[in-house]
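Numbering (my numbering), first residue to last: 5 to 66.
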């Protein structure tokens, strides 16, 4: 894998699907921008990766 390769991403459709489930409506452009600006602050990337690495099911030979 290349260092710059994206491992996981969330797109607008993903966010809108959650909005429809939670709010029963689609988000406005400004609401989407607010989500885009802050979503990284709410996802505990380090902890998720560390948990996976320390999982008994993790193997480097997948």
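Glycine included, C-beta positions come from ideal geometry on N, C-alpha and C.
Contiguous alpha helix (DSSP H) elements confined to the region 27-57 occur at 33-46 and 49-57, taking only those with 4 or more residues. Inclusion of residue 27 and residue 19 in the CB contact set at 8 Å is not warranted, their separation being larger than that value. For the 8 Å CB-CB criterion, residue 14 and residue 52 do not form a contact. Residue 6 sits in coil when the DSSP states are folded into three classes, being neither helix nor strand. Looking at 60, 8 and 29, the one whose alpha-carbon comes closest to that of residue 17 is 29.
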